[in-house]
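Chemist: If you number the sequence shown the way our numbering does, the last residue is 252 and the count never jumps. Quick reminder that beta carbons are idealized off the backbone N, C-alpha and C, glycines included.
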Amino acid sequence: MKKSNFVLALFIILGLMTGLILTELLADVKGISFLTNSAQIYWHPKADFHVLKYDINLTIRLNLLCIAGMATAFWIYRKV
Numbered sequence: 173m174k175k176s177n178f179v180l181a182l183f184i185i186l187g188l189m190t191g192l193i194l195t196e197l198l199a200d201v202k203g204i205s206f207l208t209n210s211a212q213i214y215w216h217p218k219a220d221f222h223v224l225k226y227d228i229n230l231t232i233r234l235n236l237l238c239i240a241g242m243a244t245a246f247w248i249y250r251k252v
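1) Just to confirm my understanding: we take residue 216, look at its own chain, exclude 5 residues before and 5 after, and list those with CB closer than 6 Å. What are they?
2) In terms of DSSP beta bridges, what is residue 200 paired with?
3) In its own chain, which residues sit with a C-beta less than 8 Å from the C-beta of residue 242, not counting the 5 before and 5 after it?
4) Got a sec, what are the start and stop residues for the beta strand (DSSP E) residue 225 sits in?
5) Name the DSSP beta bridge partners of residue 174, please?
6) Cβ atoms of residue 236 and residue 197: under 9 Å apart, would you say?
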């Protein structure tokens, strides 16, 4: 059975969401705060062409639990 890129993207997004949920649940636990501390990446492109104008804000927050969730999802995808 051929695996599609859509299924891979779905697995990765579900793994990321699982990592985010675990981050929120474990945020108050002091002993594992290194897993829940997030690194933020900002990207703010904008342009004005007099006909077309856009302004986009993009923020990505990653932590170790999110990365572990994505890695686990990829591993499950490879096994299925």
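Modeler: Taking the coordinates as given:
1) So the qualifying residues of the chain are 229.
2) Its beta-bridge partners do not exist; DSSP assigns none.
3) Correct list, in chain order: 184, 187, 188, 191.
4) Looking at the DSSP string, the run of the beta strand (DSSP E) that includes residue 225 is 225–227.
5) Looking at the DSSP assignment, residue 174 forms no beta bridge with any residue, so it has no partner.
6) Not in contact: residue 197 and residue 236 (Cβ atoms no closer than 9 Å).
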